[in-house]
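**Q**
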Amino acid sequence: MRTYGQYCPIARASELLAERWSIIILRNILVGCRTFNEIADGAPGLSRGLLSKRLRELERAGVIEIQAKPDGPGSIYEPTRAGHELAGVMVALHDWGSKWAQLKPERAHPGVVLWAWVNFWLDRELLPRRRVVVRFDYPTLPRPIPRGWLLIERGDAELCLKHPGGEEDLIVVINEPLAFAHWHMGKIEWTDALRSGAIAVTGSRNLARALPTWNRRSWTAEDPRARFEPPVRQAEPTTATSPA
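If you read the sequence shown in this note's numbering, its first letter stands for residue 2, the second for the next number, and so on.
Below, the structure written as C-alpha cells:
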C-alpha cells in the first residue's frame with residue numbers, strides 16, 4: 002500500500018479509505034447492504050473484480066468484517082466498530098456535498114435515486130398493505146435499461162430490472178432526471194415536478210397521491226450518526242434487483 006509518509010491522522014486515514022470507490026462501498030454497507038450483490042447494486046459502474054479488491058482492502062483496514070453466509074454460498078459484509086464510527090464522516094461528507102458539490106444532469110440517473118430511496122429513505126409504515134407494482138420510465142436515457150420497477154409487497158419494497166409480474170398499478174415517467182433527483186433531495190416539491198412536466202404519473206389516483214409520501218426525503222434523527230442506521234426490512238427480497 003502506498004503511503005503519504007506522514008504522522009498526520011488525516012493522512013493515515015486517507016491511506017486506508019481514499020481509494021476510488023472505497024467511500025461508496027462503505028456508504029452502502031453502513032446503510033444496510035450486506036451481500037455482494039446489494040453493495041454492487043448501489044455502485045453502478047464499479048466492476049465486480051474491483052469491488053472484491055476494495056472489500057478485501059477494507060477488511061484489512063479493520064473497518065469491515067467478512068463472514069460466510071450461514072445459509073448458503075457467498076459472504077456477509079458487516080461494519081466493525083471502527084466502521085460504525087465512520088458514520089459521522091459520511092454524514093459530514095453528505096452535508097458538505099449537498100451544500101458545495103453541484104449536481105449535474107449526467108449524475109442524476111433515476112435508477113440510482115430509486116436505489117437510495119428504497120434502501121435509505123423509504124417510509125415503510127406508509128406503504129400499501131397489498132401488492133403494488135410501479136413502473137418508472139426514463140425516456141431521456143439511452144438503452145438498454147430505460148426503466149425499472151418498484152415492487153411492494155408484505156410491507157417492504159424492492160427494485161427490479163425485469164417486470165416482476167402482475168398488473169402495473171402506476172406508471173411514472175421521469176422526463177427530467179435532474180428534477181427527480183432534486184425532489185428526492187428536498188429541493189423541489191412533487192407537485193412542482195408534476196406541474197412542470199418533469200414527472201408524469203398515470204394509474205390509480207389514490208396510489209399516485211400516496212407515492213411521494215413513501216419517501217422521507219429528510220433527516221429525522223437528532224443524532225446525525227443515526228442517519229446511517231440500516232433500515233429494518235420486514236420481508237426478504239424475492240426478485241433479482243438492480244438500480245437500473
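By construction, the Cβ of each residue, glycine as well, lies at the ideal position given by its N, Cα and C atoms.
What residues match up with Trp150 in a beta bridge as DSSP calls it?
**A** Arg136, Cys161
**Q** With a cut-off of 8 Å, do at least 3 Cβ pairs link the segment 202-214 to the segment 106-119?
**A** Counting Cβ pairs under 8 Å, fewer than three are found: no touch.
**Q** Could you tell me the distance, in whole angstroms, from the CA atom of Gly46 to the CA atom of Ile26?
**A** 12 Å
**Q** What residue range does the alpha helix (DSSP H) around Gly98 cover?
**A** 88-101
**Q** Please find out if some non-hydrogen atom of the ligand FAD comes closer than 8 Å to the beta-carbon of Gln103.
**A** Only the bare structure without any ligand can be found here, which leaves the ligand FAD out of the picture.
**Q** Under the three-state reduction of DSSP, which class applies to Ser76: helix, strand or coil?
**A** strand
**Q** Would you give the residue range spanned by the alpha helix (DSSP H) that Leu56 belongs to?
**A** 49-61
**Q** What number of angstroms, rounded off, separates the C-alpha of Arg3 from the C-alpha of Ile40?
**A** 26 Å
**Q** Could you check what DSSP says for Ile172 in three-state terms: helix, strand or coil?
**A** strand
**Q** Pairs of beta-carbons, one from the segment 104-113 and one from the segment 178-194, closer than 8 Å: are there three or more?
**A** yes
**Q** In angstroms, rounded to a whole number, what distance separates the CA positions of Tyr8 and Leu59?
**A** 21 Å
**Q** If you draw a straight line from the C-alpha of Asp124 to the C-alpha of Ala201, how long is it?
**A** Answer to the nearest angstrom: the Cα atoms are 22 Å apart.
**Q** Taking the alpha helix (DSSP H) that Ala201 belongs to, which residues open and close that run?
**A** Secondary structure note for Ala201: it is in no alpha helix (DSSP H), and the uninterrupted beta strand (DSSP E) holding it is 200-204.
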